[in-house]
Amino acid sequence: MEHGNKEILPLDAVEERIARRNSLCQVAFPYLDGLYDFIRGSEFLLLFSDEEGYILYARGDEDISRTARENGLVKGACRSESRLGTNGIGTVLVDRIPLQVFGAEHYYEVHANWACSGASVFLPDGDIGGVVCLSGMAEHVNDHTLGMVVAAADAISRQLKLKDAYDQLSKSYRNLSAIIETVPTAMCLLDESLHVVAFNTQATRQLALAPAELSGADFLEVLGCGAVTAEDIKTSLSNRTISFERGEGKHTISLSVESTGHQEYVAQIEQLSSLHKRVNNIMGNEAHFRFQDIIGISPAMGEAVRMAKIAAQNDASVFLSGESGTGKELFAQAIHNASSRRRGPFIAVNCGALPKSLIEAELFGYEGGSFTGARRDGCAGKFELANGGTIFLDEIGDMPVDVQITLLRVLQNREVRRIGASKALRIDVRVITATNRDLEQLVDSKVFREDLFYRINVFRINIPSLRERTGDVRQLAGFFLAKYSDIRPGGRVEGFTAEALAMMEAYPWPGNVRQLENSVERAVYLAEGELVTAAELPPEVRAFQGSAPSPAVPAAEGESPSGGEGEDEAARIQDMLHRTHGNVMEAARLLGISRRTLYRKLQRYHIDYSSHRI
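Counting in the UniProt record's numbering, the sequence shown runs from 1 upward without gaps.
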């Protein structure tokens with residue numbers, strides 16, 4: 001079988017790609033050279049591709065390099081999954097996770113004796129910049145190969161983030177103090193003699209010094225230890241762990257220092273004890289779901305997705321209405337990630353879960369000492385934290401009327417005033433609201449302000465209940481089965497019996513998708529055989545009358561059926577490929593199986609997915 005690389009870029013085109021990614025390659029290539037020096041003589045090939053799968057860097061011993069050339073593993077070759085199917089570069093680009101493709105897992109048979117370990121290098125904005133891949137004969141792979149690749153990719157990603165922060169800092173020197181103060185981690189600017197010329201409040205806390213003690217201080221004396229020298233700092237440091245005692249406490253920090261290029265240095269300090277908390281805070285301010293994560297082929301869901309995609313292209317306020325469990329936050333995140341604000345924060349607030357006495361402080365923030373129990377240094381509200389991004393106000397129908405007045409003023413004036421503050425802050429925030437209550441009825445009963453209702457109800461999207469989504473129960477059940485079967489101890493569950501599926505399709509699901517997911521999760525863990533039976537479904541589903549027989553759902557990841565069932569499965573795959581115009585990722589999602597499994601089934605049934613492309 002051919003290796004699939006029928007077209008390889010000439011070297012001048014490769015150099016042009018490298019030049020266009022100069023910032024990335026300047027950081028990545030030295031790391032890769034160091035890694036290659038470490039693995040030299042091990043019969044492995046070290047590769048680095050760009051975000052489209054084109055190989056920009058390839059180094060290996062003579063024998064493995066010769067074999068690689070015969071297999072198309074050379075600079076300029078494209079290893080995207082759309083061209084080569086499952087492989088150690090293309091599949092990493094699609095899945096965005098480190099993985100090892102071993103032997104016959106490769107789509108092309110000619111690569112069946114290779115083992116390829118790949119991990120993504122992420123740019124500071126979160127996009128994939130490229131993939132580090134270590135390839136060799138399958139018999140040479142060991143337990144540490146993938147870990148080595150992940151470590152290299154993470155190191156490059158961290159260095160890119162650090163470099164980006166320093167570049168931004170040096171470009172904004174006039175507003176240095178204000179900029180450093182906005183950085184969420186502790187930071188100091190050092191002059192040529194390594195004295196502190198600027199710092200933020202976080203730095204005084206992490207170093208346990210008063211501002212007057214830190215200003216102008218010799219940074220080496222501030223650290224108070226011999227673990228770091230002037231030469232260390234001037235040649236740059238990355239995540240050096242340093243411990244020192246000050247006062248009655250012992251402090252452990254992680255120190256990174258980089259030159260700005262103007263005989264100045266930026267020191268970034270992080271207290272290890274607060275690392276976990278900081279990461280959790282950051283993760284809470286991100287949207288993870290996209291439109292392709294919304295499962296469903298019903299017309300009702302298709303119309304909701306269509307409207308949401310239109311909403312994502314403008315900045316109008318969006319109001320999501322729908323029953324509990326229909327996926328309103330999933331839609332909110334998808335709209336954010338498809339909008340021009342996708343690189344900004346996504347802040348989700350459940351208005352019904354906040355105590356009435358604290359909801360105003362949570363949303364709009366407060367100055368220090370504004371009320372009993374307030375933090376001495378004050379606190380930014382959710383609207384401030386969402387600046388430049390999106391705020392999602394769920395269960396807005398539960399918001400107290402007095403807070404509704406403040407919210408209306410924020411939406412009208414595009415500014416927020418903290419409790420106890422004398423000045424308002426300008427904000428740029430996209431507002432998405434949601435509720436499972438009838439807001440028009442709440443307006444009529446004077447529980448919800450009419451003027452606020454019209455302010456938030458600019459772009460209304462109705463999320464259909466699961467009982468309105470004809471045909472979607474089968475798709476969702478297959479997806480959830482695959483999800484929980486992967487983590488189920490004691491082996492996989494391959495599908496549902498005809499009776500179980502019929503019961504699920506007949507049941508009205510008052511709790512909607514959330515209830516269906518919980519029911520499938522429960523059934524997967526209770527299943528004693530390869531198929532979920534009616535006995536494993538919740539009692540309320542079994543007790544519901546009116547279900548009719550339906551074909552069994554095949555394994556989400558298991559072996560394909562044989563004979564007539566195999567023909568049915570092949571027909572379903574052909575149908576999904578036709579619906580998705582040959583999009584393997586989307587077809588696999590609709591079938592409730594992984595992309596890798598679908599590729600194996602395509603080979604088994606001799607199906608050419610490219611023939612379905614438009």
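Note that beta-carbon positions come from the ideal geometry of N, C-alpha and C, so glycine has one too.
- At the C-beta level, Ser238 and Ser256 come within 9 angstroms of one another.
- Gly327 places its beta carbon 9 angstroms or farther from that of Gly388.
- Under DSSP, Thr433 shares a beta bridge with Phe319, Leu393.
- Of the other Cβ atoms in all chains shown, 16 or more fall within 10 Å of the Cβ of Leu452; this residue is therefore buried.
- Within the region 160 to 225, the complete beta strand (DSSP E) runs of at least 3 residues fall at 186 to 190, 196 to 199.
- Annotation note: the region 309 to 370 contains the following uninterrupted beta strand (DSSP E) runs of length 3 or greater, listed N- to C-terminal: 318 to 321, 346 to 350.
- By the Cβ criterion, the region 478 to 491 is in contact with the region 517 to 527, since at least three pairs of Cβ atoms, one from each stretch, lie closer than 8 angstroms.
- For Arg79, there is no enclosing beta strand (DSSP E), as DSSP gives it neither H nor E.
- Fewer than three Cβ pairs drawn from the region 155 to 164 and the region 82 to 93 lie within less than 8 angstroms of each other, which leaves the two stretches out of contact.
- Three or more beta-carbon pairs separated by less than 8 angstroms link the region 126 to 139 to the region 37 to 52, which places the two stretches in contact.
- In the structure shown, Gln268 adopts extended strand secondary structure according to DSSP, grouped into three states.
- Counting the other Cβ atoms within 10 Å of the Cβ of Asp438 gives fewer than 16, which makes it exposed.
- Beta-carbon to beta-carbon, Gly136 and Glu43 are separated by about 6 angstroms, close enough to satisfy the 8 angstroms threshold.
- Excluding residues up to 5 positions away in sequence, Ser519, Arg522 lie with their Cβ nearer than 7 angstroms to the Cβ of Pro538 in the same chain.
- Only buried fits Tyr107, as 16 or more other CB atoms lie within 10 angstroms of its CB.
- DSSP lists Leu46 as the beta-bridge partner residues of Arg59.
- Taking every protein chain shown into account, the CB of Arg66 has fewer than 16 other CB atoms within 10 angstroms, so this residue is exposed.
- One Cα belongs to Ile427, the other to Ile463, and the distance between them is close to 29 angstroms.
- Residue pairing for Leu24: DSSP places it in no beta bridge.
- Counting the other Cβ atoms within 10 Å of the Cβ of Tyr454 gives fewer than 16, which makes it exposed.
- Val416 is positioned such that its CB atom lies closer than 9 angstroms to that of Phe383.
- A residue is called buried once 16 or more other Cβ atoms fall within 10 Å of its Cβ, and Thr86 is buried on that count.
- Excluding the 5 residues flanking it on each side, Glu270 has same chain C-beta neighbours closer than 6 angstroms at Thr185, Ser254, in chain order.
- The beta carbon of Lys356 lies closer than 6 angstroms to those of Pro400 in the same chain, with the five residues before and after it left out.
- Taking 9 angstroms as the cut-off, the beta carbon of Tyr265 is found closer than this to the beta carbon of Ile233.
- For the pair Lys601 and Thr91, the Cα-to-Cα distance works out to about 17 angstroms.
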